[in-house]
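Note sheet for the following structure.
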Amino acid sequence: MKNIVTSKAIKKPQVSSALYFTYNTALGPPYRVLVDTNFINFSIQNKLDLEKAMMDCLYAKCTPCITDCVMAELEKLGLLRIHVLRDCHVYTQGTYADDCIVDRVTQHKCYIVATCDRDLKRRIRKIPGVPIMYITQHKYSIERMPEATIGGVGFFRLCSLLASGNTSSTLNEVSFSLPEKSFGLIFGQSGSGKTTLLQLLAGLSEPTSGSIGIQRYGNDGNPCHSPEPLPPEKVGIVFQFPERYFVADTILNEVIFGWPRLKGSLQLKERLALNLQKAITWVGLNGISLEKDPHSLSGGYKRRLALAIQLVQVPDLLILDEPLAGLDWKARADVINLLKQLKKELTVLVVSHDLKELAALVDHSWRMEMGGYLKEELLPI
2 MKNIVTSKAI
12 KKPQVSSALY
22 FTYNTALGPP
32 YRVLVDTNFI
42 NFSIQNKLDL
52 EKAMMDCLYA
62 KCTPCITDCV
72 MAELEKLGLL
82 RIHVLRDCHV
92 YTQGTYADDC
102 IVDRVTQHKC
112 YIVATCDRDL
122 KRRIRKIPGV
132 PIMYITQHKY
142 SIERMPEATI
152 GGVGFFRLCS
162 LLASGNTSST
172 LNEVSFSLPE
182 KSFGLIFGQS
192 GSGKTTLLQL
202 LAGLSEPTSG
212 SIGIQRYGND
222 GNPCHSPEPL
232 PPEKVGIVFQ
242 FPERYFVADT
252 ILNEVIFGWP
262 RLKGSLQLKE
272 RLALNLQKAI
282 TWVGLNGISL
292 EKDPHSLSGG
302 YKRRLALAIQ
312 LVQVPDLLIL
322 DEPLAGLDWK
332 ARADVINLLK
342 QLKKELTVLV
352 VSHDLKELAA
362 LVDHSWRMEM
372 GGYLKEELLP
382 I
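2 is the number of the first residue of the sequence shown in our numbering; add one for each residue after it.
And the structure:
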């Protein structure tokens with residue numbers, strides 16, 4: 002008689018895939034996975050369904066993302082590989098596949114890179130906070146990220162924010178966080194509460210309940226202390242059509258209009274003067290006379306001036322309401338290039354309907370639904 006070996010089944014709780022990314026909270030489901038050409042080839046050889054195998058690896062919804070450089074390489078390899086990618090999101094940027102992927106994750110740390118290429122892995126490992134997915138034993142696996150990549154990073158956090166209008170609630174339990182030196186975008190229908198949210202962030206109105214603050218983390222990934230309040234003076238806001246609010250007769254007077262007039266604030270004025278020079282250079286107004294009438298500037302340069310006014314104060318958070326509204330194609334391109342530079346130094350939060358033009362800058366995005374409900378969502382482009 003054969004002995005029957007029995008064992009007791011032990012039910013263990015499923016481990017969150019976020020544990021892989023403790024040191025980069027910019028990563029969260031649904032995960033965006035930038036896929037390299039050879040990763041697709043090896044997936045086909047191992048008979049792995051791209052999206053399903055990713056979900057099996059991370060226990061969460063995944064969105065495979067393909068640059069047009071990778072797509073071009075796949076087209077040369079045949080239609081079979083193109084068919085595998087029928088549900089993937091395709092980006093149109095770059096000239097060489099590896100360079101294209103490296104450039105994108107250098108600017109935006111919200112991706113996982115899927116590759117089996119040894120050289121590309123080496124390049125990606127030099128970028129803090131970007132995990133690598135690879136194939137081993139006929140399934141996908143992922144490298145844990147190195148520690149100490151989040152030390153000193155701050156997050157702007159909104160917790161259960163409520164705001165009421167004359168007849169009904171305009172914001173309902175709005176909560177989100179935005180890492181420092183990243184670019185966030187809020188989109189949604191007109192009248193859903195986007196502008197109300199910006200006004201609360203800028204301190205122009207008070208929430209019915211909830212809190213707004215900055216949470217900082219140490220090298221161990223744990224909060225250093227309790228969240229700090231976000232003072233209104235550390236928030237810069239540029240409204241839609243900011244040129245309508247210009248009041249001075251020269252560019253210089255427009256920029257310094259809100260400066261302190263007290264005699265005892267000389268040190269502050271000296272600091273602001275240095276900031277003025279930096280801000281003017283930053284936005285590309287250093288080639289224009291500061292005695293010029295701001296109303297005589299072109300649309301694009303008026304937006305630059307509006308940004309300079311806020312940058313002089315060196316805000317912790319820069320808020321922009323429809324920054325491309327009313328501009329021609331050249332001015333829009335100029336503003337986008339300027340925002341690309343600003344996001345390297347500042348935390349930027351934008352409300353806009355121009356999703357396609359801003360998509361390349363966005364690290365995090367949220368949809369505001371009617372009734373004031375905010376949810377994180379990839380851009381629908």
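From the three backbone atoms N, C-alpha and C, an ideal C-beta is built for every residue, glycine too.
Could you tell me the alpha carbon to alpha carbon distance between residue i and residue j, rounded to whole angstroms?
i    : j    : result
L375 : C111 : 20 Å
I320 : L347 : 10 Å
E370 : G189 : 6 Å
R272 : E292 : 21 Å
T107 : D250 : 42 Å
K122 : I113 : 12 Å
E144 : S178 : 25 Å
G288 : Q278 : 12 Å
S191 : L350 : 17 Å
K313 : I41  : In the sequence on display, residue 313 carries Val and not Lys. The alpha-carbon atoms of V313 and I41 are separated by roughly 48 Å.
L362 : L35  : 16 Å
T209 : I337 : 35 Å
Y302 : V256 : 13 Å
T38  : R126 : 18 Å
S366 : G29  : 12 Å
K344 : D322 : 16 Å
T197 : E207 : 10 Å
A309 : A280 : 5 Å
K195 : V352 : 7 Å
I102 : E52  : 19 Å
R368 : E377 : 6 Å
L275 : V315 : 11 Å
G211 : K182 : 24 Å
S169 : I213 : Caution applies to S169, whose pLDDT of 45 falls short of 50 and renders its modelled position unreliable; the value that the coordinates give is listed next. Whole-angstrom Cα-Cα distance: 22 Å.
D294 : F247 : 10 Å
P129 : R105 : 13 Å
A115 : F43  : 11 Å
Measure the CB-CB distance between residue i and residue j and report whether it falls below 9 Å.
i    : j    : result
L49  : Y135 : no
A61  : P31  : yes
D120 : D99  : yes
M56  : C63  : yes
L202 : L231 : yes
S297 : A332 : no
S176 : G372 : no
E229 : I252 : no
P180 : A360 : no
Assuming residue i contacts residue j under a Cβ cut-off of 8 Å, what Cβ separation, rounded to an integer in Å, is found between them?
i    : j    : result
L205 : V284 : Contact doesn't hold; Cβ gap of about 23 Å is too wide.
D364 : H139 : Incorrect: roughly 34 Å between the Cβ atoms, too far for contact.
R33  : C66  : 5 Å
P243 : A307 : 4 Å
R305 : L286 : 6 Å
With residue i as the anchor, note down where its beta strand (DSSP E) starts and where it stops.
i    : result
D322 : L318 to D322
T137 : I133 to T137
I113 : Y112 to A115
V352 : T348 to V352
L35  : Y32 to V36
V239 : V236 to V239
L375 : Y374 to E377
K140 : K140 to I143
I67  : C63 to T68
Counting along the chain, where does the alpha helix (DSSP H) carrying residue i start and finish?
i    : result
A54  : L51 to L59
Y302 : G300 to L312
V106 : A98 to Q108
K122 : R119 to R126
I337 : W330 to L343
T197 : K195 to L202
E358 : L356 to L359
Could you confirm whether any beta carbon from chain C is found closer than 9 Å to the beta carbon of residue i?
i    : result
E144 : Judged by its chain identifiers, the structure shown contains no chain C, having just a single protein chain.
At least 3 beta-carbon pairs within less than 8 Å: the region 227-240 vs the region 355-374: no
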